[in-house]
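No gaps in the numbering here: position 216 of the sequence shown is 199 in the numbering used here, and each next residue is one more.
For glycine and all other residues, C-beta sits at the position ideal for the given N, C-alpha and C.
If you're wondering where the values come from, they're calculated on a predicted model, not measured in any experiment.
Below is one structure, written out as structure tokens; comments come after it.
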Amino acid sequence: MNLDPNLPAMSASTFKPSIWNRLRNAFFTGLLVLAPATITIYVVWRLFVFVDHLLGTALRRGHFRLGGVPSLGFLTLLAIIMAVGFLANNFLGRQIGAVLEGMLLRVPFFRGLYAVVKQVGEVLLGDKRGAFQRVVLIEFPTPGRYALAFVTASPASGVTLPGGAPLVGVFLPHAPNPTTGFLLFYPPETLIPTSLRVEQALKMVVSGGVVNPGTVA
């Protein structure tokens, strides 16, 4: 595929996300940061109180006296969580997860939220992470300014300049939501290698640069 030199050039402002997109990304990122931890802590605490109370009642009925040791409820809850984890890793657990996912996708608001959470999870932890070959610096949006990008297509992908020179495909993610961004093509010699691993670069993008792994180049 050759790039048409007659296509109009895009300025740096073309790549700037709109205010609505920034607000949307900030909202979903805030939910991504707060919701999992808050919900997890709340659910675990409620389960702990329930299991501890249930065990205490059962032991009192059985005339057992353990001096009200709170660790018993915690250990029981830990065993339950591990059992659910083992169940979720097998075929039956995946089937149940698929049913719950289908139900969640029918709820209008949570459908969009779940899609964003799932995409971020796949990028950070799942198979999609392997699609990023390496982390590089590119000049963007203007000369003298640099952005982190992920190489996704080698020169053998078939994208070339009109003279036949190969181009490398890179994905430039939006911060703090790495599931959206731009697919750009650069000559291989213009890419600046970095010492970052893909996981480190993704953490920098999601945190807006707060998580700093050290030297970039």
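**Best match in 89, 10, 4, 60 for proximity to residue 29 [C-alpha to C-alpha]** = Translated into positions along the sequence shown, residue 29 becomes position 46. The shortest C-alpha separation from residue 29 is found at 60.
**Prompt:** Three or more beta-carbon pairs under 8 Å between the stretch 135 to 150 and the stretch 81 to 88, yes or no?
**Reply:** no
**Item:** Closest Cα partner of residue 169 within the set 62, 66, 133, 24
**Value:** On the sequence shown, residue 169 is found 186 positions in, with the first residue counted as 1. Checked all of 62, 66, 133, 24; the closest Cα to residue 169 is 133.
**Message:** For the alpha helix (DSSP H) containing residue 120, name the first residue and the last one.
**Reply:** On the sequence shown, residue 120 is found 137 positions in, with the first residue counted as 1. Note, residue 120: premise wrong, no alpha helix (DSSP H); beta strand (DSSP E) at 117 to 122.
**Message:** On the criterion of 16 or more Cβ atoms from any shown chain inside 10 Å, does residue 160 qualify as buried, or is it exposed?
**Reply:** Translated into positions along the sequence shown, residue 160 becomes position 177. So residue 160 ends up on the buried side.
**Asked** Tell me, which residues are paired with residue 62 by DSSP?
**Response** Counted from its first residue, the sequence shown places residue 62 at position 79. None; residue 62 has no bridge partner.
**Request:** Output the boundary residues of the alpha helix (DSSP H) element that contains residue 134.
**Result:** Counting from one through the sequence shown, the residue named residue 134 turns up at place 151. Here residue 134 belongs to no alpha helix (DSSP H); instead the beta strand (DSSP E) covers 129 to 136.
**Prompt:** For the candidate residues 143, 10, 181, whose alpha-carbon lies nearest to that of residue 154?
**Reply:** The residue labelled residue 154 in the question sits at position 171 within the sequence shown. The shortest C-alpha separation from residue 154 is found at 181.
**Prompt:** To the nearest angstrom, how far is it from the Cα of residue 177 to the Cα of residue 31?
**Reply:** If you number the sequence shown from 1, residue 177 lands on position 194. If you number the sequence shown from 1, residue 31 lands on position 48. Approximately 46 Å, taken between the alpha carbons.
**Request:** On a CA-only basis, which of 66, 26, 166, 33 is nearest residue 123? Give me that one, please.
**Result:** Mapped onto the sequence shown, residue 123 falls at position 140. Answer by Cα proximity: 166.
**Prompt:** Whose CA, out of 185, 146, 83, lies closest to the CA of residue 162?
**Reply:** Position 179 of the sequence shown holds residue 162. The shortest C-alpha separation from residue 162 is found at 185.
**Message:** Can you check which of these residues, 157, 2, 27, is closest to residue 58 by C-alpha distance?
**Reply:** Here residue 58 refers to the residue found at position 75 of the sequence shown. Nearest option by C-alpha distance: 27.
**Prompt:** When we look at the beta-carbon of residue 33 and count the other beta-carbons within 10 Å, is it buried (16 or more) or exposed?
**Reply:** As a working mapping, residue 33 is identified with position 50 in the sequence shown. Looking at its Cβ environment, which holds fewer than 16 other Cβ atoms inside 10 Å, residue 33 is exposed.
**Item:** residue 120 beta carbon less than 8 Å from that of residue 175
**Value:** As a first step, residue 175 is located in the sequence shown; it is residue number 192 there, counting from the start. As a first step, residue 120 is located in the sequence shown; it is residue number 137 there, counting from the start. Closer than 8 Å, so yes.
**Request:** Enumerate in chain order the residues of its own chain whose CB-to-CB distance from residue 9 is below 8 Å, with the five nearest sequence positions on each side excluded.
**Result:** Along the sequence shown, read from residue 1 onward, the residue named residue 9 stands at position 26. Excluding sequence neighbours, residue 9 sits near 159.
**Prompt:** What span of residues does the beta strand (DSSP E) with residue 185 cover, start to end?
**Reply:** Position 202 of the sequence shown, counted from the first residue, corresponds to residue 185. Note, residue 185: premise wrong, no beta strand (DSSP E); alpha helix (DSSP H) at 181 to 189.
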